[in-house]
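In terms of full-length UniProt numbering, the sequence shown has 122 at position 122, counting the first letter as 1, and numbering is strictly consecutive. By construction, the Cβ of each residue, glycine as well, lies at the ideal position given by its N, Cα and C atoms. Structure record follows, encoded as structure tokens.
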Amino acid sequence: MEPPPAQSDDETAIRTRITTHMNTSHRDSLSLFLRHYCNVPAHSTTPDSTTLATLKQDSLILTSQGKRYHIPFQPPLSSLTSSAATRQRLKEMHNECLRGLDLSDVRITTYRPPDTLIQRINFLTVVLTMLSFSRRANFLPGSLFYETSGLSFVPSFAWFCSTIQPWLITAMLGIHVSEVVWMARTRLRRHGVERWSRLWWEWVGTCYIEGVGSFQRIDGMVRDKEEEMRKREE
1 MEPPPAQSDD ETAIRTRITT HMNTSHRDSL SLFLRHYCNV PAHSTTPDST TLATLKQDSL
61 ILTSQGKRYH IPFQPPLSSL TSSAATRQRL KEMHNECLRG LDLSDVRITT YRPPDTLIQR
121 INFLTVVLTM LSFSRRANFL PGSLFYETSG LSFVPSFAWF CSTIQPWLIT AMLGIHVSEV
181 VWMARTRLRR HGVERWSRLW WEWVGTCYIE GVGSFQRIDG MVRDKEEEMR KREE
């Protein structure tokens with residue numbers, strides 16, 4: 001049996017350089033590879049726990065939480081002597097993972113509270129509306145809210161509010177819960193916010209109160225980061 005062909009010094013150097021670079025700067029990509037190509041759950045392959053063990057001409061060997069995974073190149077690389085070609089293939093795989101998992105390269109890592117006058121007024125208005133319409137009794141004579149809010153001077157309006165209270169609060173809760181679900185699925189998950197984390201609760205809690213304002217802010221943050229990424233690539 002003939003021995004396998006010896007690796008050139010250039011190929012070994014490129015293999016080492018790319019492996020080191022991926023483990024140092026692109027562990028998020030390695031985690032995506034396992035999620036997309038190996039169907040590993042997100043909680044089982046965090047960037048911190050995933051490393052590139054071996055780079056071959058026809059495959060990658062990754063490790064995560066004590067397990068080894070084999071990901072073949074489709075098609076195999078023509079050689080490992082071209083650093084640019086190998087990096088390009090890894091970049092293409094990264095983008096394929098993002099599309100397959102419906103994720104974005106832009107990660108949201110901070111929370112931004114209401115930051116315009118309109119958003120702040122909207123937030124306060126919704127909070128006051130939810131509190132006042134939380135109980136029908138708030139609009140009936142004798143309640144603290146009724147006696148201190150001036151409703152005693154407009155009994156017809158108080159009666160109207162007490163009549164619509166069950167319908168209004170039910171509609172508000174339904175709409176705001178729907179907005180929270182939409183925020184979690186289309187913004188937070190897509191942009192790498194870990195479910196149940198403090199950051200997740202900050203965005204979800206704000207979205208539950210104000211709705212559209214939270215979408216405007218998070219979309220603005222995404223646009224700003226996308227612009228920064230474009231400038232770095234130029």
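- Contact annotation: the region 67-79 does not touch the region 132-141, with fewer than three C-beta pairs closer than 8 Å.
- Per DSSP, I169 is one residue of the alpha helix (DSSP H) stretching across P155 to M183.
- Around the beta-carbon of W203, 16 or more other beta-carbon atoms lie within 10 Å, marking it buried.
- Taking the Cβ atoms as the reference, T54 lies roughly 12 Å from L30, outside the contact range of under 8 Å.
- A straight line joining the alpha-carbon of R68 with that of E233 spans about 33 Å.
- Under the three-state reduction of DSSP, Y69 is assigned to strand.
- Look at the region 91-143 and you find these whole runs of alpha helix (DSSP H), each 4 residues long or longer: 117-132.
- Under the three-pair Cβ rule at 8 Å, the region 95-111 counts as touching the region 22-39.
- Taking 8 Å as the cut-off, the Cβ atoms of P114 and G213 count as close.
- Per DSSP, the unbroken beta strand (DSSP E) holding S59 starts and ends at S59 to S64.
- A contact is defined here as three or more CB-CB pairs under 8 Å, and the region 211-226 meets this definition with respect to the region 167-183.
- Residue state for T50 is assigned as strand, using DSSP reduced to three classes.
- If you look at H36, you'll find it in the alpha helix (DSSP H) that goes R27 to Y37.
- The residue among T163, I18 and Q216 with its C-alpha nearest the C-alpha of T81 is I18.
- L80 sits in coil when the DSSP states are folded into three classes, being neither helix nor strand.
- In this structure, H191 sits near V106, with a CB-CB distance shorter than 8 Å.
- Minimum Cα-Cα distance from R87 among the listed residues V40, A184, I61 and H21 corresponds to H21.
- Counting of Cβ neighbours within 10 angstroms places T206 among the buried residues, the total reaching 16 or more.
- Here Q65 has S49 as same chain residues with Cβ atoms under 6 Å from its own Cβ, once five neighbours each way along the sequence are excluded.
- Setting aside the 5 residues that flank it on each side, F157 is surrounded in the same chain by L151, each with a C-beta closer than 8 Å to its C-beta; the list follows chain order.
- Per the DSSP secondary-structure output, L151 pairs with nothing in a beta bridge.
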